[in-house]
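Asks:
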Amino acid sequence: MTTIASLIAVTIDCAEPKRLAEFYSKVTGFEVQYAEEEYAGIGDGTMNIFFQRVPERKAASWPGPDKQFHLDFRVPDVDRAVEEYLALGATKPEFQAGAGWVTLADPEGHLFDVCPPRE
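For the sequence shown, UniProt numbering begins at 1 and goes up steadily by one.
Next up, the structure:
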């Protein structure tokens, strides 16, 4: 039998951990729990997103084979959320992979999808 693991966090490499913690705190509603120059974290008591400083990190091209991960967020109103996240510093790549959701990039170029409610 395999030991079952509980996912407690995702860690994202970035150049400015505090900046991304603040961005994703506003997107998710998670509280900033820790914020230093080298490492920052947000969470809701169950799930956490950590940000680790890697100054030489380069954003993956989109579309392209360099992308290794992306986050998906479900929201009640995709258009409104996209507008708000763009105002926070996200960007919207020209290429969009599908209908019904929108791919954005955070201020450092990490991709994330804004998904509609399940029907």
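The C-beta atom is built at its ideal place from N, Cα and C for all residues, glycine as well.
#1: Would you mind stating whether PHE50 and THR11 have Cβ atoms separated by less than 8 Å?
#2: Could you tell me the alpha carbon to alpha carbon distance between VAL75 and THR103, rounded to whole angstroms?
#3: With C-beta atoms as the reference, is VAL32 less than 8 Å away from ALA15?
#4: Let me confirm a value: PRO17 is counted as buried when at least 16 other C-beta atoms fall within 10 Å, else exposed. Which label applies?
#5: Given a threshold of 16 other Cβ atoms within 10 Å of its Cβ, counted over all protein chains shown, does PHE23 qualify as buried or as exposed?
#6: So, at 6 Å on beta carbons, what are the nonlocal neighbours of PHE30 in its own chain, with the 5 sequence-adjacent residues on each side left out?
#7: Report all residues from its chain with a CB closer than 6 Å to the CB of MET47; omit the five preceding and five following residues, and keep chain order.
#8: Secondary structure at ASP79, three-state DSSP: helix, strand or coil?
#9: Less than 8 Å between the beta carbons of PRO116 and GLY98, yes or no?
#10: Given this structure, state the Cα-to-Cα distance separating ALA59 from VAL78, to the nearest angstrom.
Replies: Reading from the atomic positions:
#1: By the CB criterion at 8 Å, PHE50 and THR11 fall inside the cutoff.
#2: Those two C-alpha atoms are separated by around 13 Å.
#3: Taking 8 Å as the Cβ cut-off, VAL32 and ALA15 do not qualify as a contacting pair.
#4: PRO17 should be labelled buried.
#5: Buried is the call here.
#6: Correct list, in chain order: ILE42, GLY43 and ASP44.
#7: Same-chain partners within the cutoff: there are none.
#8: In this structure, DSSP gives ASP79 a helical state, which the three-state scheme calls helix.
#9: No, the pair does not count as a contact, with Cβ atoms beyond the cut-off.
#10: About 24 Å.
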